[in-house]
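Read through the structure below, which is laid out as structure tokens, and then see the notes.
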Amino acid sequence: MLNLVGIFGNNWSGSTNRQLLQFMKTRYAAQFSLTLLETGQLPLFSQDDETHPTEAVQHFRHAIAAADGVIIATPEHNHSIPAVLKNALDWCSRVEHPLTGKKVMIVGSALGPMGTVRAQGHLRQILDSPGLAAQVLPGNEFLLSKAHDQFDAAGALTNQATIEFLDECVTHYLAFLNA
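Quick note: to get this note's numbering, add 184 to the position in the sequence shown (first position is 1).
Now the structure itself:
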């Protein structure tokens with residue numbers, strides 16, 4: 185069984201990106217295990233501290249390094265990724281590089297009508313930087329708009345077409361992982 189990590193890119197207690205990853209963890213449990221990683225627990229990145237990171241940073245980086253792949257769920261804040269996600273990626277781009285060569289799938293949910301299209305574009309650019317050098321699944325952009333209306337009380341997605349598209353994206357990601 186594949187061991188994946190899911191990183192949700194914000195620290196909001198009502199995060200629909202957390203809900204999305206939890207839904208994926210349950211729905212695809214027969215295909216992979218998904219360990220969720222918090223970004224809000226990490227201290228602000230500083231080059232002064234990069235050679236002696238906190239235990240939270242070490243755990244975060246080691247979980248990524250040990251995983252077969254990574255799914256990043258990003259919201260969109262001011263047309264880009266949230267600061268806590270960028271901070272987490274900065275910790276992964278210096279001294280230790282757990283994302284280098286790692287196969288990554290990007291998904292995202294947002295409360296607005298545009299989904300996370302701009303944030304996902306920026307995230308792809310960031311993951312392509314020399315310090316990260318991740319391999320990002322091309323295409324297959326799963327953008328969940330008006331996310332507050334997309335989940336039921338139990339945290340499950342409710343729109344069948346949305347679920348089918350997510351299934352298709354996950355199928356392509358699993359093929360990408362095994363290529």
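We put the CB at the ideal spot given by N, CA and C, even for glycine. Since the model is a prediction, treat every value here as computed from it, not as a measurement.
TODO: Less than 8 angstroms between the CB atoms is what I'm expecting for residue 360 and residue 287, so what's the real figure, rounded?
DONE: Residue 360 to residue 287, Cβ: 6 angstroms. Contact.
TODO: On the DSSP bridge assignment, give the partners of residue 257 in chain order.
DONE: 192 and 291
- [ ] State buried or exposed for residue 206, treating a residue as buried only when at least 16 other CB atoms are found within 10 Å of its CB.
- [x] buried
Task: Per DSSP, the bridge partner or partners of residue 187 - done: 217
TODO: From the DSSP output, read off the bridge partner residues of residue 319.
DONE: 287
- [ ] Assuming residue 247 and residue 189 form a contact by the criterion Cβ under 8 angstroms, report the distance between their Cβ atoms to the nearest whole angstrom.
- [x] About 5 angstroms; that satisfies the 8 angstroms criterion.
Open item on the list: Could you check whether residue 275 and residue 226 sit closer than 8 angstroms to each other, using their CB atoms as the reference points?
Closed with: yes
TODO: Count the other CB atoms, across all protein chains shown, that sit within 10 Å of the CB of residue 277; report buried if there are 16 or more and exposed otherwise.
DONE: It counts as buried.
Task: Environment of residue 214 [buried if 16+ CB atoms lie within 10 Å] - done: exposed
TODO: Give the single residue among 356, 326 and 339 whose Cα lies nearest to the Cα of residue 345.
DONE: 326
- [ ] In the DSSP assignment, find the unbroken beta strand (DSSP E) run with residue 326 in it and report its ends.
- [x] 326–328
TODO: Would you list the one or two residues that DSSP bridges to residue 222?
DONE: 192
Open item on the list: Tell me the residue span of the alpha helix (DSSP H) that contains residue 200.
Closed with: Here the alpha helix (DSSP H) through residue 200 covers 200–211.
Open item on the list: So if DSSP puts residue 244 in a beta bridge, which residue, or which two residues, is it bridged to?
Closed with: Within the DSSP secondary-structure output, residue 244 pairs in no beta bridge.
Task: CB of residue 257 within 8 angstroms of CB of residue 294, strictly - done: no
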